[in-house]
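Numbering (full-length UniProt numbering), first residue to last: 1 to 369. Take a look at the structure below.
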Ligand SMILES: NC(=O)c1ccc[n+]([C@@H]2O[C@H](COP(=O)([O-])OP(=O)(O)OC[C@H]3O[C@@H](n4cnc5c(N)ncnc54)[C@H](OP(=O)(O)O)[C@@H]3O)[C@@H](O)[C@H]2O)c1
């Protein structure tokens, strides 16, 4: 589905990093969006993209953008009506706000605004209606543009299989232990000396995100327009986050207490029959299947399952009884696609087909005419 307009020019903020490169690859031939600016820190600005970063991905080197000159990360240096942000949270705070203030829509991977009361923490398949908070965000902050966040890369693997269980049964408590890939730490990330043949049982600032974000995502949007607000879900989540020697793919072991103590069969049926909000919208980055349940005893595995459906599928396996909380299972997803770049692009596609980006595009066309 398109609006009949031309493609929307986009800026990739943090284009030289691990997630930024994924953005390039995803957006290089996108039906709605076209890359207009690659932006990064002052260390990279002014250099050709191929001289500013080490390309980590397969396929065409630099996604064909090796000769594009990197801009500074500001709406003056890289003006676009739409920005994809792969910035670290500390720099994202001011840069993303400057873009939103300038009239741009920012689709962000950073944690900076995720838990703000007027920012949608979006997974289009689960809480697409949360986009309805944007009018309030714009009114409250005096922005013409807006910020839309996607969740932490472990949260999405946890909350995706929980969503159907919450809808059908209701959740009372969750306990989860993650086994997170090295690429989740950016580049160069964890040193080989530290991670080779090892498990690191701590990831800085990660557990509070995994414990709090699911409650916002599974919460409800109340009211409309400038009066809209979120009502969070209320159940305890206890998370332990670890780093393991895997390149791509976060695996998470989950135990969950559900209302009414449903059987394993009922839980599997609930996951398999989950109808994503995106069904029928024709979003280019939406996976053919959002949530798959494997009945193989030794799946999901990062090496075998993480790339399925362009890295946008969540695969669940080993659904079985838990003697403490009732049900336990394993979930896996691609941290730099489903947990980062792919998630942001999917959010932007949803906003596009819902018509939320049209004003930003018109405003930009007026400014640059
Ligand atoms: N990796 C994942 O699996 C993952 C998943 C979900 C969310 N995220 C989030 O996505 C963001 C990016 O992560 P990453 O793994 O891609 O990190 P990364 O590889 O370290 O890349 C960071 C990017 O930010 C730029 N940058 C750094 N300081 C800057 C500044 N002062 N001004 C402007 N740009 C600056 C860097 O540019 P230079 O090259 O010029 O330094 C680089 O392009 C983080 O917020 C992270 O938490 C990551």
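C-beta atoms are modelled at their ideal positions from N, C-alpha and C, and glycine is treated no differently.
TODO: Would you identify the three-state DSSP class for residue 172, choosing helix, strand or coil?
DONE: strand
Open item on the list: Measuring straight from C-alpha to C-alpha, what distance separates residue 232 and residue 60?
Closed with: 43 Å
Task: Sufficient close CB pairs (3 or more, under 8 Å) joining the stretch 74-82 to the stretch 52-59 - done: no
Open item on the list: Please tell me whether residue 398 and residue 19 are closer than 9 Å, where the distance is taken between their beta carbons.
Closed with: What is shown of the chain runs 1 to 369, which leaves residue 398 out entirely.
Open item on the list: Just to confirm the assignment, what range does the beta strand (DSSP E) spanning residue 208 have?
Closed with: Run containing residue 208: none in the beta strand (DSSP E); it sits in the alpha helix (DSSP H), 206-217.
Task: Contained alpha helix (DSSP H) runs [length at least 4] in the stretch 111-175, N- to C-terminal order - done: 124-127, 134-141 and 155-168
- [ ] Determine the DSSP secondary structure at residue 37, reduced to helix, strand or coil.
- [x] strand
Open item on the list: Taking DSSP's pairing of strands, which residues face residue 72 in a bridge?
Closed with: 40
Open item on the list: What does DSSP give as the partner residue(s) for residue 107 in the beta ladder?
Closed with: 84 and 148
Open item on the list: Taking the beta carbon of residue 22 as the centre, do at least 16 other beta carbons fall within 10 Å, making it buried, or is it exposed?
Closed with: buried
Task: Cβ pair residue 87, residue 13 closer than 9 Å - done: yes
Open item on the list: Looking at ligand 1, does it come within less than 8 Å of residue 419, judged from the CB to the closest heavy atom?
Closed with: This structure leaves residue 419 out entirely; the chain is present only between 1 and 369.
Open item on the list: With a threshold of 8 Å (Cβ to nearest heavy atom), would residue 42 be considered close to ligand 1?
Closed with: yes
Open item on the list: Does the distance between the C-beta of residue 187 and the nearest non-hydrogen atom of ligand 1 fall short of 8 Å?
Closed with: yes
TODO: Could you check the C-alpha separation between residue 370 and residue 149 for me, to the nearest Å?
DONE: Outside the shown range of the chain (1 to 369) lies residue 370, about which nothing can therefore be said.
Task: beta strand (DSSP E) segment containing residue 274, residue limits - done: Counting along the chain, residue 274 falls outside any beta strand (DSSP E), and DSSP gives it neither H nor E.
TODO: For residue 161, I'd like the list of residues in its chain whose CB is within less than 8 Å of its CB, leaving aside the five on either flank, ordered along the chain.
DONE: 254, 271, 291, 314, 316, 329 and 331
Task: residue 235 (DSSP reduced to helix, strand or coil) - done: coil
Task: With 16 other Cβ atoms within 10 Å as the buried cut-off, status of residue 51 - done: exposed
TODO: Check each candidate in 249, 17 and 102 and name the one with the smallest Cα separation from residue 143.
DONE: 102
Open item on the list: Using 9 Å as the threshold, is the C-beta distance between residue 155 and residue 205 below it?
Closed with: no
Open item on the list: If the criterion is Cβ atoms closer than 9 Å, does the pair residue 70 and residue 44 meet it?
Closed with: yes
- [ ] Just grab the DSSP bridge partners of residue 180 for me.
- [x] 243
Task: residue 202, buried or exposed, once every other Cβ within 10 Å from all chains shown has been counted against 16 - done: exposed
TODO: Would you tell me roughly how many angstroms separate the C-alpha atoms of residue 339 and residue 277, rounded to the nearest one?
DONE: 18 Å
Task: Three-state secondary structure (DSSP) of residue 255 - done: strand
Open item on the list: Taking 9 Å as the threshold (C-beta atoms), are residue 200 and residue 189 in contact?
Closed with: no
Open item on the list: Does the beta-carbon of residue 51, which I'm using as the reference point, lie nearer than 8 Å to any heavy atom of ligand 1?
Closed with: no
Task: Reduced DSSP secondary structure (H/G/I, E/B, other) of residue 303 - done: helix
Task: Own chain, CB closer than 8 Å to residue 229, minus 5 neighbours either side, in chain order - done: 117, 133, 136, 221, 222 and 223
Task: Sub-9 Å separation of residue 63 and residue 122 beta-carbons - done: no
Open item on the list: Does the distance between the C-beta of residue 83 and the nearest non-hydrogen atom of ligand 1 fall short of 8 Å?
Closed with: no
Open item on the list: Once DSSP output is grouped into helix, strand and coil, what is the label at residue 359?
Closed with: helix
- [ ] May I have the straight-line CA-CA distance separating residue 165 from residue 173, to the nearest angstrom?
- [x] 12 Å
- [ ] Tell me whether residue 282 is buried or exposed, calling it buried when 16 or more other Cβ atoms sit within 10 Å of its Cβ.
- [x] exposed
Task: residue 259 classed as buried or exposed, judged by whether at least 16 other C-beta atoms fall within 10 angstroms - done: exposed
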